[in-house]
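S.K.:
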Amino acid sequence: MMVAIGVIGFTVLILIYFVLKTQSLQKEMNQYKHSLKASDGQARSTLNNLNFISKELQRVYAGRLNSAKKHGLINDENFAMSSNIIENFSYVIMRCSEHNETVEEAVKKSLERSTIDIQEINHFIAAQPQEIKLPWCKNQLGGYVLACQHISRGQAPKKAQPQTEENS
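For the sequence shown, the numbering used here begins at 1 and goes up steadily by one.
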């Protein structure tokens, strides 16, 4: 009889321990849920701000590129390629930020709705001065923004003249 009462008492103690442990874990889980909601709200707000800023930068870059075209600083072919890159600026920024894509992946994705392909973009970038080419080749968001900043200035070189014996 004493053994049975001892076993029942021990079982009750174990039950009380698990109930308290469960309540403690439930409290901790609610704190994590609250923290997750707060972090999610901050992340959403940050992405909205980034979207706004990237669209504003895109608008500024497009304005500078159009101004360079009006002043004859950039030819029609380079303007077409440059404006295509600038038109997709905000989209590329958001793809890199939201989906953790590289710049090249985001640019490829943006070109799906365009007549230009990634090879043409790469060829265009290869013909650019170092201040455009080097940041672009880093394939990182900061380099992409810097390259687009320089592209929007319209300092892209005119098409290279084929060498003839007279030019040599």
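From the three backbone atoms N, C-alpha and C, an ideal C-beta is built for every residue, glycine too.
1. How far does the alpha helix (DSSP H) with residue 43 in it reach, from first residue to last?
2. So, for residue 108: in the same chain, excluding its five sequence neighbours on each side, which residues have a beta-carbon less than 7 Å away from its beta-carbon?
3. Could you spell out where the alpha helix (DSSP H) holding residue 127 opens and where it closes?
4. Could you check the C-alpha separation between residue 116 and residue 32 for me, to the nearest Å?
5. How would you label residue 89, buried or exposed, when you count the other beta carbons within 10 angstroms and need 16 or more for buried?
6. If you draw a straight line from the alpha carbon of residue 52 to that of residue 61, how long is it in whole angstroms?
7. Please say whether residue 95 and residue 80 have beta carbons closer to each other than 8 Å?
8. In chain order, what are the residue ranges of uninterrupted beta strand (DSSP E) at least 3 long that sit wholly in the stretch 72-138?
9. So what does DSSP say about residue 149, is it helix, strand or coil?
M.R.: Once the coordinates are examined:
1. Locating residue 43 in the sequence shown gives position 43, counting from the first residue. Run containing residue 43: 2-70, per the alpha helix (DSSP H) assignment.
2. Looking up residue 108 in the sequence shown gives position 108. Result list for residue 108: 118, in chain order.
3. Taking the sequence shown and counting its residues from 1, the one referred to as residue 127 is at position 127. Element bounds for residue 127: n/a, residue is neither H nor E.
4. In the sequence shown, counting from the first residue as 1, residue 116 sits at position 116. In the sequence shown, counting from the first residue as 1, residue 32 sits at position 32. Their Cα atoms are separated by approximately 47 Å.
5. The sequence position of residue 89 within the sequence shown is 89, counting from 1. Per the 10 Å Cβ criterion, buried.
6. Taking the first residue of the sequence shown as 1, we reach residue 52 at position 52. Taking the first residue of the sequence shown as 1, we reach residue 61 at position 61. For residue 52 and residue 61, the distance between alpha carbons rounds to 14 Å.
7. Residue numbering aside, residue 80 sits at position 80 when the sequence shown is read from its first letter. Residue numbering aside, residue 95 sits at position 95 when the sequence shown is read from its first letter. In this structure, residue 95 does not lie closer than 8 Å to residue 80 by Cβ.
8. Listed in chain order, nothing qualifies, since the stretch 72-138 has no complete beta strand (DSSP E) run of 3 or more residues.
9. Here the question's residue 149 lines up with position 149 in the sequence shown. Note: residue 149 maps to helix in three-state DSSP.
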